[in-house]
Each structure stands twice: as C-alpha cells, then as structure tokens.
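Q: Quick one: the structure is below, and I'll ask about it shortly.
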Amino acid sequence: MRKLFVLFVLVPIFVEALNPSLNDDVLGLIVFKSDVQDPYGKLSSWNEEDDYPCNWNGIKCNPRSNRVSDVVLDGFSLSGRISRGLLRLQFLRKLSLAKNNLTGSISVSLAQLANLRFLDLSENDLSGNIPGDYFQQCGPLRSISLAKNKISGQIPESLSSCVALASLNLSSNQFSGLVPSGIWSLNGLRSLDLSNNILDGDIPVGIEGLSNLRAINLGQNHFKGEIPEGIGGCLLLRSIDLSENSLYGEVPSTMQKLSLGNEFILRGNAFVGIVPEWIGEMKSLEILDFSENKFSGNIPTSIGKLEALKVLNMSRNSISGSLPESLSSCVKLLALDVSHNSLAGIILKTVSQLKSLDILDLSGNRLYGTVPAEIGGTTSLMELRLEKNALTGEIPSSIGNCSSLVSLSLSHNGLTGPIPEALAKLTYLQNVDLSFNKLTGVLPKQLGDLGHLSSFNISHNQLQGELPSNGFFNTISPYSVSANPSLCGAAVNRSCSTVMPKPIVLNPNSTDSTPSIVPQSIRHEKKILSISALIAIGAAAVIVVGVIAITVLNIRVRSTTSCSAAAVLTFSGGDDFSRSPSTDANSGKLVMFSGDPDFITGAHALLNKDCELGRGGFGAVYRTVLGDGHPVAIKKLTVSSLVKSQEDFEREVRKLGKVGHHNLVTLEGYYWTPSLQLLIYEFVAGGNLYKHLHEGSGGCFLLWNERFNIILGTAKSLAHLHQMNLIHYNLKSSNILIDSSGEPKVADYGLARLLPKLDRYVLSSKIQSALGYMAPEFACKTVKITDKCDVYGFGVLVLEVVTGKMPVEYLEDDVVVLCDMVRGALEEGRVEDCIDARLQGKFPADEAIPVMKLGLICTSQVPSNRPDMAEVVNILELIRCPSEGQDELV
C-alpha cells in the first residue's frame, strides 16, 4: 500500500519518464484492486510492475491505442467498495462488475467517464441513495443496470440527461416514490425494467413518447390507476409486465395495435371487464398472464388464433362458461392454468391434441363429467391438477401413458372405482393427491416401487385391504391414509387379518408397573400414530417381563448403593482415596482426569435427596461441590449388575473422558467399586432444554435465534461423537443442558458402551424415558443399531424445539405423535402453523420451515434415508447463511 501511495503522490514528478497513456490505466486498476478483497485470486495477474494491463484477467484494450476499453469482472466473488481508481480509465467503454459482493453506496460518479457506454453493477450488495446529480454528465451511456442490489431512495432525476440510453434496469432494489418524469421522455429507450421496488404513482399518459420501447417491466411495485391509452402508441413493444401492482380498470383497446407483442402479463392487479376478443389478433403472443384479477365473462374463442402461445394463465378470476374448443389449435402450449374460476362443462377431449403441454391446471372450478381417457395422449404432461371440481366416474387407466407426470391432484371430486395399477408405470411421480373422493378397492402393491414419491394422499375415500409395505409407504403419514374405514396396515393403526392381533399400547397415565392396554373403543379414526411409535409400542409387549426383572434389579442396586455410598463417606478421608486400585467391597477407586480434588465435602450429596437433579434411564444425577469449590454433577449408575468388568469399564470411561467438544458435557472423572459406579461431570447451571421448552412460565421462553443455536450446537456435538465412532443412544430434550451463555451441552452420551451389550434393558429404558425419540430399528433384533438412530432422535428433537410440543402427547382418548402431525401439516401446505405459537411473528419463515423439513427427513423410517450428522450441520449452516452455499440450497 505504501508503494501505491508513493505512485499516486509522485506521478506528476516522473510522468515524463513513463508512458502516461499506459500508466494511468495500470495505476487506476491497481488502486481498484487494493480496495477489494479477492478470495479466489481472480486478480492475481494484475501486477503493478507491468507497463500495460491488456493481458490482465478481465481486461480488454483497444488494439490501436493499447488503452483499456473493457473491464469485465462478472462473478469474480470480489468484495469491498468501488474505488475512485476507475476514474483514471478515461477510454473505458464497458464496465461490468456484476455478480460480486461489492458493498457501500454508489458515490463514485462513474457516469462522468467520457467514453463509457455500458455500466453493469447488478447483483451486488450496494446500498444507500444515489446522489441526484450522479448521471448529470452521463454522455454516451447506452446501458445501465443496477439490478438486484439494496439501493434505496428516489430514482435520480439526472437520469433524464442520458439521452442516448437504450437500456435501463433498476429492478430488485428499494427505490421508492415517483418515477422522474424525464425518464418517460427518453425516446431512445428500448428496455425499461423498474420491477420489484417500492415505486408508486400513475403510469403517465405520455408513455407513447417511448416510441422505440421493446420491453417494459413495472411489476411488483405500488403503481396505481389505469393503463393509459397512449401505450398503444409504443408499436414496437414486445414484452409488457405490469404484474402485482394496484392497477385497475379495463384493458385499453389501443393495446390491440401491439401486434409484435409476445409477452403480456397483468397478473395480480384489480382489472375488470371481459378478456377482450381482440386478444386473438396479437398473433405473436407467447405468454398471456391475466391471473389474479377480476376479469369476468367467457374465455374468448379467438384465443385459438394464438398459434405461438406457450403459457396461458387466467387463474383466480371470475371467468365463467366453458373452455373453448379452439384451444386445441394452440399446439405449442406448455402451460394452461385456468384454475379457481367459475368454469363449467366437461373437460374437452381436444386437450389430448396439446402434445407439448407440461402443466394443466383446471382446479377449483365447476367442471363435471369424467376425466377423459384421451388425457393419456398428453405424454409431455408433468403436472395435472383437477381437484375441487364435480368430476365423477373412474380414473382412466390411460393416465399411465403420461410418462412424464410428476404431480397428480384429483382430490375433492366424486371419483369412484379403483386406483388404476397403471399409476405404477409413472416412474417420475412425486406427489399424488386423490383424497376426498369415493374411490374403492385395494391399493395396488406396485405403487410401492415408485422411487420418487414424496407424498401420496388417499384420505377420505372407501379404500380397503392392506397398504403397500415397501418404498415410500414405509414412511407414509397416517393423515394421508385416514378416513378409509376398511384400510389396514401400520399407518392406519389397524391390523390386517393376515398379520398380527392388535398391538399393545403403553398407557403412560397408568400407575401400574406393567404396561396397560388402551381399549380399542377409544382408538378412533382421528388417532395419529407413526410407524416408529407403533414399533416401539409393539416392542413393549416383548419386554414386559424384562421390565419386571429390571425393577427387581433396581431394588437390589438401590440397597447396595446405599451401603456403597456409606463406604464413600467412610473411606473418603484417606490419602489413598483418589488413587487406590482396590476393588473390594470396602474401598473404591476415584480417578479425576485433571487434578486430585478433595472429594469428602461433596460425598454426602449422594445420599441427600435435596441435591438430586434428576433421574434417567441410566441412573440418578446429583449436584455437589468438591473441596476446591468446584461444582460437579455426579451420575450414580443404577445398572451396576449389567456394567462391564472394572477393566472394561475403566477403558470405556477413559475413552469418554477424551471426547472433547464445547457442545458436550465434559466427563471429569469416575469412581468404581463392584457394586457402585459414579461418573463425575462438569456442572451446567442453566437447566435442561425440556424445562426451557415445556415448563417455562410467562414471557420466559426461547427466542428463535436461541432455538436455532441449540439445534445447530446439538447437531455439531452428535457429528463429533459419530466421527469418534460413538453413538449417543439416548438423545432427548432432558439430556440437552443449556449453559449460562445459552450454548447447548449434550449429556449422557455413550453410556451404553459401559454395558456388556445393547440388551433389552436399554430398549426398555428407551420406551420408558425416551418415548417418541426412539428410532424404529431399536425394536428389530435383525436390524443393526448405527449412528442413524441418533439422527432419528435428533430429527424428533428439532421438531420439538421448533413447535414447542412434546414428541408424543397423550390426550384423553387420543395419541398425537409430533412427527406425523408436522408431516401431515406439510402435505396440507400449512407447516407454518406448526411453529410454536409463542414465536408468532418473531421468527424467519425462510429458516424455520427448512429446519422443520430437515427434521422430518431425519425421522425417515428407513435408516439409510436419513442424512449423516455432518451433512445435517452443513445444511443448517446453509439455512442460516444461504449466501455461502449459493446454488447448493433451495
């Protein structure tokens, strides 16, 4: 930088010794480089020692003068501010810095460069107002693009001085107020894009002054009033987009003069009247979008004259009558959407002649009759929406010929008969909604082979028999198959006659030591039970005997623990306490991984119920203070009879002591006797996540950022455990502690490694203390337990944190499983309603909804379909900072 400063200051002294025509360009570009950050080294070829810059990356020179004519640095990922050094490039004709990360305001008046023709600063992070006189000396400027920034304030009046301007793009900023009147007088303009701002006012009557205009886009602003008749004088107009404003009135008849028009978009205004018959004379039209207005009357038959038409959208109006048969002449049509109108009549068999059709949406009308068999002729069709009409008859098997079909919705009609097996031929099918009809018969088993299915709603029909048990149907939401009284299978909580008798359901309200059966009479059709819950519930029947046995074991352990605790008190005063290798009944071995603190002052807490923090599947936890004043949490294991030998126990505990991560509770030491084992952890004072979510009172609840950080921190801790080949096994909100800074600390990790094997006792603990978090494979002896069980529990935890609801909620006569409730809401398009009501209006939907969807993916019934925790961390970081992932996230 010192060298650059010297060059700038001393240029007048040695200007005669250097070639000034080259020096100005080199110096100007080097100064520009010094003000930006270049993370990928795209400007590494820019060397201040060079005599001229014509071979530098992104630079082009005039071959005659060797002066810089073009600077094109699009997509170089540059950040920083636009430097005044560019003003030295006096022969510059084209400057394009698009698709970077440049910040700051546009204060350097680049428009004063006497030869500049083309200026593109689009897709950066520029902000602030543009000075009113910025374009006062814009000279020969022909093209200006500042699109997709954060520039605010009014459009500068000085733009009207750019008399040579042919293209002006200020879209996707925060410009407000009126459009300067001078812009409507730039008769050289060919393209004007002011869309996606906050501009208001009327479209001026004198718009015909833009006689050379080819394209105008004023969409997504606050323009009001009527379209002026003068627009018909812009005879060269090809593209008109006035969408999403507050315009009203009828479409002016003068627009029929625009015979060259190929795009005519009025979507999202308040236009009235009929769709004019003269629209058919605009023979070049390719896109006609009059959707979301107040048009009435019939669709004109002249529409059939638009042989170049590719998109016709007249949805959400008050259009009546029937579809004109002339539509069959629009053979290039790709999308036809006339949904949510008052159309009546039958679906025309001429639709099959639209061979190029990708989207057909006739939903929300009053169409009757059958779905024509000729629909199978539309082999390019990707989306077919006929829901909310009055259609009857059967679903034609010819629909299986629509080989490109991705989405099919026929819900809320009066369709009868079976679901055709031909649907199973549609290998690209992702979303199917056949709900609220009168369909009968058995669901074809072949549907389970469709590998891309993400939703399949057949609720509220009269289907019968067993659901397919493979593929997507392993994870289907109970909501999607509800209200089919004769349908059976796990998802509907109804056993098929060829399978098993009704499952035993644990009643958590029972005070009995053994599980009780919830009567069939209260399991009505509104009950929501996931496959995972049913598997866990079914497993309960197998382990009833084990639960009773464990109860006996626990009684024995408690009696020996009391004695052992007394031994701690007796022998803790000896100097050898912290390092004694003795393992007989009258002595113990205490090991602290760092230091040898006095244990005596805290040992009494093991017998003091007032110091108990909580109890879980592996034991009780107490708070105590060591002799040096250091608080610790001590877990007294209640599985002594199942713990490994001392050698194995100590080896595994030492491994856990080396698992260091700031989102994991630190294991600081242990105590061993044959009948008593203690684990000594750091004490985390902020309480557990369960209490923060479900026991908070008043205004004391977790804000969105706190919840997101808890989710992310927990994900990082699990990813770290899995990297070290450790499985948590017992993830739940009560095992997530919150420290004083709001960071999550995951506890109880890896404790199953202390047992000889993952036996039925561990499984019973899951059912008792972690109901709803347990992955379905825990109940299957033949399925290997992997780290994907933690991913499942994490997914449930995510949904719990975002919704504020318990993983499983028991009502008076109902069982609501959180995963199924959220999945059903997602399929109904109301997932945002699931977010904790205490966060209403205080959360970013673009974070909360993707996080919930991630939670659902993690709770897939098939372990291989769940992501790894490292992938989960990456996805969460992209959700929080999407710009860092750019195209990777959706």
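Going left to right, the sequence shown walks through residues -17 to -1, 1 to 873 as mature numbering (1 follows the signal peptide of the UniProt record, and there is no 0) numbers them.
Where is the CB? At the ideal position from N, CA and C, for every residue including glycine.
(1) Of all the options 406, 790, 825, 838, which has the alpha carbon lying nearest to the alpha carbon of residue 809?
(2) When we look at the beta-carbon of residue 410 and count the other beta-carbons within 10 Å, is it buried (16 or more) or exposed?
(3) Which residue spans inside the segment 659 to 693 form an unbroken alpha helix (DSSP H) run of at least 4?
(4) Look at the Cβ atom of residue 232, then the Cβ atom of residue 255, and state whether they are nearer than 8 Å.
(5) Might you give, ordered along the chain, the residues of its own chain that have their beta carbon closer than 7 Å to the beta carbon of residue 775, omitting 5 neighbours on each side?
(6) Alpha carbon to alpha carbon, what distance is there between residue 654 and residue 553?
(7) Does the segment 218 to 225 touch the segment 198 to 210, meaning 3 or more C-beta pairs lie closer than 8 Å?
(8) Under the assumption that residue 311 contacts residue 337 (Cβ atoms under 8 Å), give the Cβ distance between them as a whole number of angstroms.
(9) Going by DSSP, what residue range makes up the beta strand (DSSP E) through residue 619?
(10) Could you check if residue 856 is buried or exposed, using at least 16 other CB atoms within 10 Å of its CB as the buried criterion?
(11) Using 8 Å as the cut-off, can you tell me whether the segment 85 to 98 makes contact with the segment 113 to 121, which would need three or more C-beta pairs spanning the two stretches below that distance?
(12) Residues in the same chain with beta-carbon distance under 6 Å from residue 113, minus the five sequence neighbours each way, listed in chain order, please.
(13) Have a look at residue 477 and residue 415 and give me their C-alpha separation to the nearest angstrom.
(14) Quick check on the burial criterion: 16 or more other C-beta atoms within 10 angstroms. Buried or exposed for residue 707?
(15) Assuming the contact rule is C-beta atoms closer than 8 Å, residue 470 and residue 450 should be a hit. Round their C-beta distance to whole Å, please.
(16) Looking at C-beta atoms only, is the number of pairs between the segment 345 to 354 and the segment 322 to 332 that lie closer than 8 Å three or more?
(17) How long is the line joining the alpha carbons of residue 59 and residue 25, rounded to whole angstroms?
(18) Does DSSP classify residue 20 as helix, strand or coil?
(19) Where does residue 861 sit, in a helix, a strand or coil, going by DSSP?
(20) How would you write the range of the alpha helix (DSSP H) that residue 244 sits in, first residue to last?
(21) Does the ligand GDP have a heavy atom nearer than 7 Å to the CB of residue 687?
(22) Assess, as a yes-or-no matter, whether the segment 64 to 77 is touched by the segment 29 to 41 under the definition of 3 or more beta carbon pairs within less than 8 Å.
(23) So what's residue 368 in DSSP terms, helix, strand or just coil?
(24) Using 8 Å as the threshold, is the segment 645 to 661 in touch with the segment 723 to 734, meaning 3 or more CB pairs across them?
(25) Quickly, what does DSSP pair residue 44 with across the bridge? List them, please.
(26) Roughly how many angstroms lie between the CA atoms of residue 12 and residue 214, to the nearest whole one?
(27) Spatial neighbours of residue 594 within its chain, please: C-beta separation below 7 Å, excluding the five flanking residues on both sides.
(28) Tell me whether the beta-carbon of residue 821 lies closer than 8 Å to the beta-carbon of residue 691.
(29) For the alpha helix (DSSP H) containing residue 774, list its first residue and its last residue.
(30) Using a Cβ-Cβ cut-off of 7 Å (strictly less than) and excluding sequence neighbours within five positions of residue 240, which residues of its own chain qualify?
(31) Would you report the Cα separation of residue 206 and residue 230, rounded to the nearest angstrom?
(32) From 636, 783, 575, pick the residue whose C-alpha is nearest to that of residue 675; which is it?
(33) Could you tell me whether the segment 777 to 794 touches the segment 441 to 458, where touching means 3 or more Cβ pairs closer than 8 Å?
(34) Could you pull the start and end residues of the beta strand (DSSP E) that residue 840 belongs to?
(35) Quick check: residue 342 and residue 318, are their CB atoms within less than 8 Å of each other?
(36) Using the beta-carbon count (16 or more within 10 Å), is residue 72 buried or exposed?
A: Once the coordinates are examined:
(1) The count along the sequence shown starts at 1 and reaches residue 809 at position 826. Restricting attention to 406, 790, 825, 838, the CA atom closest to the CA of residue 809 is found in 838.
(2) Here residue 410 corresponds to residue number 427 of the sequence shown, with the count starting at 1. Taking every protein chain shown into account, the CB of residue 410 has fewer than 16 other CB atoms within 10 angstroms, so this residue is exposed.
(3) DSSP runs (the alpha helix (DSSP H)) wholly in the segment 659 to 693: 672 to 677.
(4) Taking the first residue of the sequence shown as 1, we reach residue 232 at position 249. Taking the first residue of the sequence shown as 1, we reach residue 255 at position 272. Contact annotation: residue 232 and residue 255 have beta-carbon atoms nearer than 8 Å.
(5) Here residue 775 corresponds to residue number 792 of the sequence shown, with the count starting at 1. Within the same chain, residue 775 has close Cβ partners 758, 841, 842, 849.
(6) In the sequence shown, the residue the question calls residue 553 occupies position 570. In the sequence shown, the residue the question calls residue 654 occupies position 671. Annotation note: pLDDT 30 at residue 553 (below 50); position unreliable, no value reported.
(7) Counting C-beta pairs closer than 8 Å gives three or more between the segment 198 to 210 and the segment 218 to 225, which meets the contact rule.
(8) Position 328 of the sequence shown holds residue 311. Position 354 of the sequence shown holds residue 337. Correct: roughly 7 Å between the Cβ atoms.
(9) The residue given as residue 619 occupies position 636 in the sequence shown. Start and end: 614 to 620.
(10) For the purposes of this step, residue 856 is taken as residue 873 along the sequence shown, with counting starting at 1. Buried.
(11) Pairwise C-beta distances place the segment 85 to 98 in contact with the segment 113 to 121, as three or more of them are shorter than 8 Å.
(12) Taking the sequence shown and counting its residues from 1, one reaches residue 113 at position 130. In its chain, beyond the 5 residues on either side, 89, 139 have a beta carbon closer than 6 Å to the beta carbon of residue 113.
(13) Counting from 1 along the sequence shown, the entry for residue 477 is found at position 494. Counting from 1 along the sequence shown, the entry for residue 415 is found at position 432. Computed Cα separation, rounded: 23 Å.
(14) Translated into the one-based positions of the sequence shown, residue 707 becomes position 724. Its Cβ having fewer than 16 others within 10 Å, residue 707 is exposed.
(15) Counted from its first residue, the sequence shown places residue 470 at position 487. Counted from its first residue, the sequence shown places residue 450 at position 467. Their Cβ separation, rounded to whole angstroms, is 7 Å, which keeps residue 470 and residue 450 in contact under 8 Å.
(16) In short, these stretches touch, since the Cβ pair count reaches three.
(17) Locating residue 59 in the sequence shown gives position 76, counting from the first residue. Locating residue 25 in the sequence shown gives position 42, counting from the first residue. The straight-line gap from Cα to Cα measures roughly 6 Å.
(18) In the sequence shown, counting from the first residue as 1, residue 20 sits at position 37. Residue 20: strand per DSSP, three-state reduction.
(19) Locating residue 861 in the sequence shown gives position 878, where the first residue counts as 1. Helix.
(20) Here residue 244 refers to the residue found at position 261 when the sequence shown is read from its first residue. No alpha helix (DSSP H) contains residue 244, which DSSP labels as neither H nor E.
(21) As for the ligand GDP, it is missing from this structure, which has no ligand bound.
(22) The answer is no - the segment 64 to 77 does not touch the segment 29 to 41, with fewer than three Cβ pairs under 8 Å.
(23) Within the sequence shown, residue 368 is the residue found at index 385, counting from 1. If DSSP states are grouped into helix, strand and coil, residue 368 belongs with the strands.
(24) In this structure the segment 645 to 661 touches the segment 723 to 734; the number of beta carbon pairs closer than 8 Å is three or more.
(25) For the purposes of this step, residue 44 is identified with residue 61 of the sequence shown, where counting begins at 1. According to DSSP, which records beta bridges pairwise, residue 44 is partnered with 51.
(26) If you number the sequence shown from 1, residue 12 lands on position 29. If you number the sequence shown from 1, residue 214 lands on position 231. Rounded to whole angstroms, residue 12 to residue 214 spans 45 Å at the Cα level.
(27) Position 611 of the sequence shown, counting from 1, holds the residue named residue 594. Hits under 7 Å: 588, 605, 606, 607.
(28) Taking the first residue of the sequence shown as position 1, residue 821 is located at position 838. Taking the first residue of the sequence shown as position 1, residue 691 is located at position 708. Note that the C-beta distance between residue 821 and residue 691 is not below 8 Å.
(29) The sequence position of residue 774 within the sequence shown is 791, counting from 1. Unbroken alpha helix (DSSP H) run through residue 774: 771 to 786.
(30) Working through the sequence shown from its first residue, we reach residue 240 at position 257. The answer, listed in chain order, is 215, 218.
(31) Stepping through the sequence shown from its first residue, residue 206 is reached at position 223. Stepping through the sequence shown from its first residue, residue 230 is reached at position 247. Rounded to the nearest angstrom, the two C-alpha atoms are 6 Å apart.
(32) As a first step, residue 675 must be located in the sequence shown, where it is residue number 692. For the residues 636, 783, 575, the minimum Cα distance to residue 675 belongs to 783.
(33) As far as the Cβ criterion goes, the segment 777 to 794 does not touch the segment 441 to 458, which means the pair count is below three.
(34) Position 857 of the sequence shown, counted from the start, is the residue given in the question as residue 840. Counting along the chain, residue 840 falls outside any beta strand (DSSP E), though it belongs to the alpha helix (DSSP H) covering 828 to 841.
(35) Here residue 342 corresponds to residue number 359 of the sequence shown, with the count starting at 1. Here residue 318 corresponds to residue number 335 of the sequence shown, with the count starting at 1. Yes.
(36) The residue labelled residue 72 in the question sits at position 89 within the sequence shown. With 16 or more other Cβ atoms within 10 Å, it is buried.
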